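Let me begin by presenting the structure, written as structure tokens, before commenting on it.
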Amino acid sequence: MFKLYLKIAVRYLLKNKLYSFINIFGLAIGIASFVLIMLYVNYEKSYDKFNGSENVHRVFMDYLEGGEFVPGDANAYIVSGPTLKDEFPEIEKFVRFRRIRNMVVLNNNTPFDGMVGSLADPEYFDVFDQGLVKGDESTALSKPYSVVLSTPTAQKIFGDTNPIGQPLKIAGDDSVTFTVTGVMDNTNRNTHIKNDVLVSFSTFYTWTIFKNDWNYTWNQNEYYTYVKVAPNTNAELLNQKIMAFVPEGFEFKERHHLEPIEDIHLYSNKPYEVEVNGNGGNIKLLSIIAFITLLLSWMNYMNLSSTKSLERAKEIGIRKVVGGKKSQLTFQFLSESAMLNCLAIVLALGAVFLLLPAFNRLVGQNLGFTGNQFKGLLPYLGIMLLGASLAALYPAFVLSRFSPAKVLKGQLQTSKNGLHFRRALIITQFVATISLLICTFMANKQIHYLKNRPIGANLNQVIALKGQILDRAYDSIFYNDFDVLLEELKRNPYVAEISCSRTYPGDDFSNTNSNIGITFPNGHTDETHIWYNYGARPGYFDLMGMDFVAGGAYLPTPEKRSHNVVINEEMVRFMGIDNVNTIIGKTINFWGQDWAVKGVVKDYNHFGMKSAMVPMVIRHDRTTQNILVKLDKRATTMAGADKALDEIKNIWDKVFPVSTYKYTFLDQKFEALFNEDRKFTKAFQIFTVLAILIASLGLFGLTSYTCIQRKKEIGVRKVNGATISEILQLLNQNFIKWVGLAFVIAVPIAWFAMDKWLEGFAYKTTISWWIFALAGMAALTIALITVSWQSFKAATVNPVEALRDE
């Protein structure tokens, strides 16, 4: 019997090629879109999920600002971990790590650059459930000058040689030999903590300027600190106790705070994050799009199946008259639905595999169906199959209920409930489509606004060169030859200007200093607000195209540093000063030292357009290691730029043969801050187009259904003299009303969604009325084109054909 049902299903699908194609194609689009999006969503949600991760929390600092505590940066103090462990028995272990920037490892004087390195406590492997493939986890980082390498790094440096016990050096501290004590396999770990090289934290105390024991003093808040609590600990209660805890010798203008490690990637966006995190809001919106697209495809299937039900009414009536049971008919139609859905799933999965490389480039990941990624996708695949089964039941239920007597007498009429249900499906589809259109237009408008908003500095033709140094004392090999490099660069004709700074616009927070505590010229001391500072050489302001509103840049001095500073307008407002000219020559005090204000620059956006202007102090400092080069005008062409970069590389290699030459164009670096939002907007656009296509297929189905249902009415009207335009108006007016109703429903939904999304930006465009009008007009145009095609076919049918049954 099943073989017979299968044969009938195949015959029917082949006979109705257009119907079959639209149904299979619509379902395949919905399924493929759902799988691709949820593959990415699952990947983002899987960050920092490891054995025992629910018990691991990061320690960060809250700052007292304006009388209230606000979340500070992602770092804690060097002593935070041991102090909290001693104070709270719920904490079993802690681990600290500190980044070593621009790390270069030397093996027999052969440099290996591009390493992500960190100083780390021995408990690193236990807290983060990071196993070693070689070495002993309990002792690998217990002694000074011990290093643990990742598997790819060990292979890169040592090849097939066993790395355990091998000597290494680190550029910037080549007087010391490090020993490889372990190899970790972190290639498949999805975590925000990524390291190629781990250096034992005890090494930190052996360096010249850090020989004093800082373990029990409150100093140096540049350390990422994580704690592992006992199983079944009430984390919220522990967090409340930690926030109320004031350590001895610790001023209560900041406090410790815990956050689950599993929440960091999607829901933390603090200064000094370990890496650029994801966006939980964007992930939620993408999840909604995935389910909307899948629901639209199921709605289409139900609508199109209903469309064909009238055409199959006589077939069903005859089958019932000759003894066909309702259960048999239901099973037959379910067989057809199952075959159609299986074909759609096969087509969808084929499309997913073909499109996955392009989708990976879009989202900047390496997604696939291996290991944990596929395992995490299984619940969503279960939802998809359950929904497909329920969608298939609806047309089978409708078709099997037809009365044979009414069908064969030509008296078949569909119920009003069924008609209302199908109309509700179409309205729902267009509510979703119009909402997505509005959100897409608004996202594009916001990105365009940010991209074209002046940042207060000119980053064009400016490159940054970073030296690979061990981030500690200023007596490294890099600094010894630093000025030699600058003099060589100044003499090059492709270099227009040159300066140095600790950071620059577009760089991350980690290269600035966040501070609390500053004394204004009037003697008032503020210890409740956050402000930032960094060092730069005198030529920095001219090179960056920053405009002064009062005073000017500090002048060069023979000393490494002078106590002269330039501040921005936001700092002037922070001090409560109305006239910027009155601050020039005045003294401010921080870090226990007096600093003379030489100038005030116009506000410039340092941390990207998602961050508001912050009070900023730029100190005179000759010890900074970022070299900023303004290229000459002859480097504006592609060939000229290539020549300039080659010239600079030759100079670099001559002065620093061990360190690898690397450069960054500042305008591109600043543009990269929009990458996550740009990728999100691009994905939104693509899946909005697919949703529109699916909704159009659904509208096509309902139009076809309506035209079949009103075929005789159209024939009678044409016999009585109705024109084609009148028939088109008759058939289209209801659909226009439905699109209008969908627009009214969609507007507040989209407005609310975009208003929430824009809250993540410090600078935001307005939600303009024309965005809604444009989305409404686009939806109406798409609907009219789709409906008019079917309506025109119905209006031009010979009325004799329509009235033949009468």
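Position 391 (the sequence shown) corresponds to 391 in UniProt numbering; numbering is contiguous. Quick reminder that beta carbons are idealized off the backbone N, C-alpha and C, glycines included. It should be emphasised that the depicted structure is a prediction, and the values quoted were computed from it without experimental measurement.
- When DSSP reads this structure, Ser150 sits in a beta bridge with Met184.
- Listed as beta-bridge partners of Asn564 by DSSP are Ala596.
- With a threshold of 16 other beta carbon atoms within 10 Å, Pro89 falls short and is exposed.
- If you look at Ile588, you'll find it isn't in any alpha helix (DSSP H); it sits in the beta strand (DSSP E) that goes Thr587 to Phe590.
- Each of Glu273, Lys598 and Ile91 was checked against the Cα of Pro71, and the nearest Cα belongs to Glu273.
- Cβ neighbours of Phe548 within its own chain (closer than 7 Å, five residues either side excluded): Gly599, Val600 and Val601.
- The Cβ neighbour count for Ser501, taken over all protein chains shown within 10 Å, is at least 16; the residue is labelled buried.
- For the pair Asn55 and Thr225, the Cα-to-Cα distance works out to about 14 Å.
- According to the DSSP assignment, Ile31 belongs to the alpha helix (DSSP H) that extends over Lys17 to Lys45.
- In the three-state DSSP reduction, Glu713 falls in the helix class (H, G or I).
- With respect to the C-alpha of Pro505, the residue from Asp621, Leu555, Ile29 and Leu628 having the closest C-alpha is Leu628.
- At the C-beta level, Pro271 and Asp73 come within 8 Å of one another.
- For Pro82, the three-state secondary structure derived from DSSP is helix.
- Using a Cβ distance threshold of 8 Å, Asp196 and Ser150 count as a contacting pair.
- With contacts defined by Cβ atoms closer than 8 Å, His257 and Asn239 form a contacting pair.
- With respect to Asn341, Leu27 sits close: the two C-beta atoms are nearer than 8 Å.
- The shortest CA-to-CA distance from Asn279 to any of Met442, Asn366 and Tyr40 is the one to Tyr40.
- Take Pro144, set aside five residues on each side of it, and the residues of its chain with a beta-carbon closer than 8 Å to its own are Ser200, Ser202, Thr203, Tyr205 and Thr206, in chain order.
- Less than 8 Å divides the Cβ of Asp542 from the Cβ of Glu497.
- Here Leu198 has Ser118, Ala120, Tyr124, Leu141, Val147 and Val148 as same chain residues with Cβ atoms under 7 Å from its own Cβ, once five neighbours each way along the sequence are excluded.
- Contact between the stretch 613 to 623 and the stretch 433 to 440 is absent: fewer than 3 CB-CB pairs across the two stretches fall below 8 Å.
- Using a Cβ distance threshold of 8 Å, Asn300 and Ile694 count as a contacting pair.
- Taking C-alpha positions only, Leu266 is separated from Ser53 by approximately 15 Å.
- Here Arg99 is bridged, per DSSP, to Ser118.
- With 16 or more other Cβ atoms from the protein chains shown falling within 10 Å of its own Cβ, Pro538 counts as buried.
- Burial check for Ser768: the Cβ neighbour count within 10 Å stays below 16, so the residue is exposed.
- Thr723 and Lys711 have their C-alpha atoms roughly 15 Å apart.
- Here Cys500 is bridged, per DSSP, to Ile627.
- Contact between Asn75 and Phe60 is confirmed by a C-beta separation of about 7 Å, below the 8 Å threshold.
- For the pair of segments examined, the stretch 728 to 747 was found to touch the stretch 768 to 783: the number of CB pairs separated by less than 8 Å reaches three.
- Nearest neighbour of Leu378 by Cα position, chosen from Asn42, Gly721 and Arg717, turns out to be Asn42.
- In the displayed model, Val747 falls within a helix according to three-state DSSP.
- Taking Gln429 as the centre and dropping the five residues before and after it, the same chain places the C-beta of Leu296, Met299, Ala695 and Gly698 closer than 7 Å to its C-beta, in chain order.
- When C-beta atoms of the stretch 672 to 682 are compared with those of the stretch 445 to 460, three or more pairs fall below 8 Å, so the two segments count as touching.
- In the three-state scheme derived from DSSP, where H, G and I count as helix and E and B as strand, Gly67 is classed as coil.
- Collapsing the DSSP output to three states places His620 in a strand.
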